[in-house]
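For reference, the structure is listed below as structure tokens.
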Amino acid sequence: MRVLGIETSCDETGVAMYDSEQGLMGHLLYSQVALHAEYGGVVPELASRDHVRKVLPLVRDLLGQCGEERFDGVAYTRGPGLVGALLVGSGIGRSLAWARAVPAIGVHHMEGHLLAPLLEPEGPPFPFVALLVSGGHTQLVEVRGVGYYRLLGDSLDDAAGEAFDKTAKLLGLPYPGGPELARLALQGDPARFRFPRPMTDRPGLDFSFSGLKTFALNTLQRGLSEPAVDKAQLQADIACAFEEAVVDTLVIKCRRAVVETGIPTLVLAGGVSANRNLRHRMGAMMAKQGGRAFYPRPEFCTDNGAMIAYAGWQRLRAGQLEPLTFGALPRWSLETLSPVTPGPVPG
Ligand code: KG4
Ligand code: ZN
156 MRVLGIETSC DETGVAMYDS EQGLMGHLLY SQVALHAEYG GVVPELASRD HVRKVLPLVR
216 DLLGQCGEER FDGVAYTRGP GLVGALLVGS GIGRSLAWAR AVPAIGVHHM EGHLLAPLLE
276 PEGPPFPFVA LLVSGGHTQL VEVRGVGYYR LLGDSLDDAA GEAFDKTAKL LGLPYPGGPE
336 LARLALQGDP ARFRFPRPMT DRPGLDFSFS GLKTFALNTL QRGLSEPAVD KAQLQADIAC
396 AFEEAVVDTL VIKCRRAVVE TGIPTLVLAG GVSANRNLRH RMGAMMAKQG GRAFYPRPEF
456 CTDNGAMIAY AGWQRLRAGQ LEPLTFGALP RWSLETLSPV TPGPVPG
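Count along the sequence shown from 1, then add 155; that gives the number in the working numbering.
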């Protein structure tokens, strides 16, 4: 079975082809970063318009690359995300499937992220604990099979990526701030400031990152008011302390989740999992626990079509079908997804 995947939930237009025998045959990505940069964040209407412009040309290029026009199913991102952007991919995906008389399926964007490490030659075995860290989500999920998801922890306010982006903005870094802040942190002195590790001093697996942004702002203002301040060094030291605090907090919560579930396999997914410090620290923590951490390759950490083609392939090959309608779900809980056979792996 060969599945065309279409991702348009936010500011990246991604398309890909996944084949049962050949694996990932090709994938293309068009990033709208330059379009939104001057506004300092994603402008939903502009995102939708750009998806309208880009989806079909990308699909045409992808089919050219694959050397064959054939596909046996279409997977499109149904949610969560920006409703206008989602409707573009949903409408085009459903229409292409109808025109070719093949089935289509709406995929949960975060399921795409959490299954992305399975695109790698040595993917994680089920069951695993997944840390989903993106611009919109910070979640810990127990995964016993495709569609067998139990939410262990969630963000009470800002997602980790959102906190990275907002802190980067107040440090005067260009959009999108997460990767820029990570780059600046490399030049910082980790001993100069110590930021709090939110919600690690009490039991539970929920997260709260909005206070770190305020802590960064106060540290910046205090630093700038000192005489003969080296502003560039101050910014780098704050970036370093902020990143350390986020990474440390995520590592502490993941260790807790692995111990509590007894599952020695951890998957990192979503845009923030591209962070090298986080990957390194999480790998070391899991080795110490006698387990192992898995990550997608960096290009499949952030939004892409490959993860949607793969998640859709998993569901279509299991015979899951949807009626001849399409929709967009701006909010959508992972726990409501239907399970896919073979069933869950016992813990
Ligand atoms: O998964 P993603 O591409 O889109 C969403 O579904 O949100 O994640 C984007 C988020 C942004 O907040 C971005 O700043 C963050 O991932 N990000 C990073 C890094 N690369 C991307 N955050 C920290 N360090 C990075 N290297
Ligand atoms: Zn995403």
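Idealized CB from N, CA, C, for every residue including glycine.
Contact between the region 435-452 and the region 472-482 is absent: fewer than 3 CB-CB pairs across the two stretches fall below 8 Å.
Using a C-beta cut-off of 8 Å, the region 277-291 makes no contact with the region 239-255, since fewer than three inter-stretch Cβ pairs fall below that distance.
Minimum Cα-Cα distance from G302 among the listed residues M180, G308, P282, L183 corresponds to P282.
Note that the C-beta distance between A464 and G160 is below 8 Å. Two segments are said to touch when three or more pairs of C-beta atoms, one from each, lie closer than 8 Å; by this definition the region 450-460 touches the region 266-279.
Proximity of the region 426-439 to the region 257-266 falls short of the contact definition, fewer than three beta-carbon pairs being nearer than 8 Å.
In the three-state reduction of the DSSP assignment, Y465 falls in the helix class, which pools H, G and I. Applying a distance threshold of 5 Å between residue Cβ atoms and the heavy atoms of the ligand ZN selects S289, D458, given in chain order. Positions of the beta strand (DSSP E) runs, each at least 3 residues long and wholly inside the region 266-304, are given as 283-288, 293-300 in order along the chain. Inter-residue distance for A192 and E162 is about 21 Å (C-alpha atoms, whole angstroms).
Taking 7 Å as the cut-off, one finds no heavy atom of the ligand KG4 near enough to the beta carbon of D344. With contacts defined by Cβ atoms closer than 8 Å, G425 and L360 do not form a contacting pair. V229 and R215 have their C-alpha atoms spaced approximately 14 Å apart.
Proximity of the region 323-332 to the region 402-409 falls short of the contact definition, fewer than three beta-carbon pairs being nearer than 8 Å. In its chain, beyond the 5 residues on either side, V288, S289, A315, G316, F319, G333, L433 have a beta carbon closer than 7 Å to the beta carbon of V427. E266 and A466 have their C-alpha atoms some 7 Å from each other.
When distances are taken from the beta-carbon of N373 to the heavy atoms of the ligand KG4, even the shortest one reaches 7 Å or more. Here the alpha carbon of K368 sits roughly 24 Å from the alpha carbon of P382.
If the five residues before and after A439 are omitted, its C-beta is found closer than 7 Å to no C-beta atom of its own chain. If you draw a straight line from the Cα of F370 to the Cα of F350, it comes to about 7 Å. Under the criterion of beta carbons closer than 8 Å, W487 and M156 do not qualify as touching, at roughly 25 Å.
A residue is called buried when at least 16 other Cβ atoms come within 10 angstroms of its Cβ; T496 does not meet this threshold and is exposed. L179 and L379 have their C-alpha atoms spaced approximately 50 Å apart. When DSSP states are grouped into helix, strand and coil, E399 belongs to the helix group.
The alpha carbon of P494 has as its nearest neighbour, out of A254, V298, G278, the alpha carbon of V298. If you draw a straight line from the Cα of D174 to the Cα of V238, it is about 29 Å long. Residue side-chain check: D403 keeps its Cβ at 7 Å or more from all non-hydrogen atoms of the ligand KG4.
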